[in-house]
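Chains as they are written, first to last, in my numbering: chain A, 1 to 213; chain B, 1001 to 1222.
Virtual Cβ for every residue (Gly too), placed ideally from N, Cα, C.
For reference, the structure discussed in these notes is given below.
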Amino acid sequence: MNGNEFLFLLNGLKWTVFLSAIGFVCGAASGLGIALARTSGLRPLERATAGYIAVFQGTPLLMQLFVVYYGLALVGLKLDAWLSVAIGFTLHASAFLGEIWRGSIEAVPKGQTEAAKALSLGYVSRMRDVILPQAIKISLPATIGFLVQLIKGTSLAAIVGFTELARAGTIISNQIFKPLLVFGVVGALYFLICWPLSLYGARLERRLAAASH
Amino acid sequence: MNYKFDFGPVIDGLPDLLWGCLGTLGLALAGMVLALVIGIGGVVLRDSPYRGLRWLVISFVELIRNTPFLVQIYFIFFALPLAGIRLDPTPTAIIALGVNGGAYAIEIIRGGVQSISKGQIEAGLALGLHKGQVFRLVVLKPALRAIFPSLTSQFILLTLTTSIASAISAYELTSVAQNIENNSFRSFEVYGVVTLLYLVMSWLMMRMFAQITARHFSYPVK
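Structure (structure tokens):
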């Protein structure tokens, strides 16, 4: 593998990072909405979001990408491949983050909500100033765990035909006929991004466990 | 939107798709069995007195958990022939699923083993239970109870992961769907129905595992 081919892989890596970042940031924004709806106490809203989460957790990410990709084309939206894929990852992330954060919101002791109500704080202030800051702290290890899943998941964009790191690897591998070398390097690049995040998540988890004993 | 839905090709292909579902379940089951074998072996090695072995297991777990399955399956797909092992795509996919699931199984099973304290085994022996009884009632059942929920959700995850095995055209639901799509160009209809089939499969598995938990692993202990 020469320098140019390695650069091609790095260019793929750039798209992997970009897709992960978009999916995570947009997914986080809509995931927060889903978590709030899921814990809102309004039955229809809770049911709808529970169904949304169940669908995304019960189907393969690859199918979700396919359905979004072809579904968007079908309703007449002519989008670039990266945008369709980014929308797919956003929806996927919103469901998983919504479920993680629902759990964290419910893990905040009930007394906190009651105390906030007793102080006559409205819903917005209660959530923003009392519940969410505590819930975020609880959710951090699982959120980082999901981010690692998402980064690995972006490799499936390769199957849809978008050239990120995994597909860049396939292309180079077909050119130079050294699949083990190429996929070894590709795997190492993924590992270099994901491993520090995993270690950080595990450290946060230990600290959280120590704090709650 | 002036698209006309045409589910004809999907309906014609329904028998194939249902066979594909069986392929998916078979792939997942075989992969899970291999994962459990690797998991149990890994736990034994992970806590062995040899530092090199422990280090090897830890590296394996970290390596698998921090790289995408797609890259793993490609790597194994190309590595096996170089090692002189010629296999069809489907057995190759089973090995890849087993290796991937095995890394997660090691962590889960290890947690279960660690949840049994030595004092309980001693207490069991002091109460006059046989060694076999102690293993069955004091070690195995509580450990299984501790790990059963994580193992079963890992199983469902592995079932969903099998769709990636279509990348090396192993026999499972997604590759069957891709065949139908290639011949009919009814992409949305095909993948929509297939997504639904996956949803039904994971829902059925969830229900089944919940039943088993309620029956065999819930308190009070029967």
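Buried or exposed (CB count within 10 angstroms, at least 16 for buried), residue i
i                  : result
ARG47 of chain A   : exposed
ASN1066 of chain B : buried
LYS1131 of chain B : exposed
GLN1114 of chain B : exposed
TRP101 of chain A  : buried
VAL25 of chain A   : exposed
LYS1222 of chain B : The predicted model places LYS1222 of chain B with a pLDDT of 47, which falls under 50 and marks its position as unreliable, so this point remains unresolved.
PHE1188 of chain B : buried
GLY76 of chain A   : exposed
PHE1007 of chain B : exposed
ILE1168 of chain B : buried
PRO133 of chain A  : exposed
PHE1185 of chain B : exposed
PRO44 of chain A   : exposed
PHE191 of chain A  : buried
LEU1127 of chain B : exposed
VAL1138 of chain B : buried
ALA168 of chain A  : buried
ILE1011 of chain B : exposed
Nearest to residue i (by Cα), restricted to the options the options
i                  : options                                       : result
PHE1078 of chain B : A:GLU5, A:PHE183, A:TRP82 and A:SER155        : A:PHE183
ALA1035 of chain B : B:TYR1003, B:THR1024 and B:ASN1100            : B:ASN1100
THR113 of chain A  : A:ARG102, A:SER104 and A:ILE131               : A:ILE131
TRP229 of chain A  : A:ARG207, A:LYS152, A:LEU208 and A:LEU197     : The question about residue 229 of chain A has no answer, for chain A in this structure spans 1 to 213.
PHE146 of chain A  : A:GLY201, A:TYR190, A:LEU181 and A:LEU189     : A:GLY201
LEU1025 of chain B : B:ALA1170, B:VAL1190, B:VAL1138 and B:SER1187 : B:ALA1170
THR1162 of chain B : B:PHE1217, B:SER1202 and B:PRO1015            : B:SER1202
PRO1081 of chain B : A:LEU180, A:LYS117 and A:ARG126               : A:LEU180
ILE1064 of chain B : B:LEU1014, B:SER1175, B:TYR1104 and B:MET1205 : B:TYR1104
VAL1037 of chain B : B:ILE1094, B:GLY1008, B:LEU1127 and B:ARG1051 : B:ILE1094
LYS110 of chain A  : A:ALA135, A:GLY3 and A:PRO44                  : A:ALA135
MET1205 of chain B : A:MET1, A:THR59 and A:LEU9                    : A:THR59
CYS194 of chain A  : A:THR90, A:ILE138 and A:VAL148                : A:VAL148
ASN1179 of chain B : B:TYR1003, B:LYS1004 and B:PRO1009            : B:PRO1009
SER139 of chain A  : A:LEU10, A:MET1 and A:ARG207                  : A:ARG207
VAL160 of chain A  : A:GLY122, A:ILE172 and A:TYR69                : A:TYR69
GLY103 of chain A  : A:ILE53, A:ASN174, A:GLY122 and A:THR90       : A:ILE53
LEU91 of chain A   : A:VAL108, A:LEU150 and A:GLY122               : A:LEU150
LEU32 of chain A   : A:VAL17, A:ALA107 and A:MET127                : A:MET127
ILE105 of chain A  : A:MET1, A:ARG38 and A:VAL17                   : A:ARG38
LEU1029 of chain B : B:VAL1061, B:GLY1098, B:PHE1005 and B:GLY1119 : B:GLY1098
ALA95 of chain A   : A:VAL55, A:ALA211 and A:SER40                 : A:VAL55
ALA1096 of chain B : B:GLU1181, B:LEU1199, B:PRO1068 and B:LYS1118 : B:PRO1068
SER212 of chain A  : A:GLY3, A:ALA115, A:ALA107 and A:SER40        : A:ALA107
LEU156 of chain A  : A:LEU19, A:GLU5 and A:ASN4                    : A:LEU19
GLY1020 of chain B : B:MET1208, B:TYR1219 and B:ALA1177            : B:ALA1177
Proximity of residue i and residue j at Cβ, strictly below 8 Å
i                  : j                  : result
VAL983 of chain B  : LEU1173 of chain B : Nothing about residue 983 of chain B can be reported from this structure: the residues present for chain B run from 1001 to 1222 only.
GLY98 of chain A   : ILE34 of chain A   : yes
LEU1022 of chain B : LEU1197 of chain B : no
GLY88 of chain A   : GLN64 of chain A   : yes
ALA81 of chain A   : GLY27 of chain A   : no
ILE1073 of chain B : ILE1156 of chain B : no
LEU189 of chain A  : LEU165 of chain A  : yes
ALA248 of chain A  : LEU1070 of chain B : With chain A represented from 1 up to 213, any question about residue 248 of chain A goes unanswered, as that position is not in the structure.
ALA1143 of chain B : GLY1102 of chain B : no
LEU72 of chain A   : LEU79 of chain A   : yes
GLY1192 of chain B : VAL85 of chain A   : no
THR154 of chain A  : GLY12 of chain A   : no
VAL1057 of chain B : GLY1042 of chain B : yes
ILE1106 of chain B : ARG1046 of chain B : yes
GLY187 of chain A  : PHE1217 of chain B : no
MET1032 of chain B : LEU1140 of chain B : no
LEU1014 of chain B : THR1090 of chain B : no
VAL1134 of chain B : ILE1121 of chain B : yes
ILE144 of chain A  : PHE8 of chain A    : no
LEU83 of chain A   : TYR1003 of chain B : no
LEU204 of chain A  : PRO141 of chain A  : yes
SER1166 of chain B : SER1175 of chain B : yes
MET1 of chain A    : LYS178 of chain A  : yes
Near the ligand ADP: residue i beta-carbon under 7 Å from a heavy atom
i                  : result
ASP1006 of chain B : You won't find the ligand ADP in this model; it holds no ligand whatsoever.
* **Segment contact flag, the stretch 1144-1152 of chain B with the stretch 1212-1220 of chain B, C-beta cutoff 8 Å, min 3 pairs** => yes
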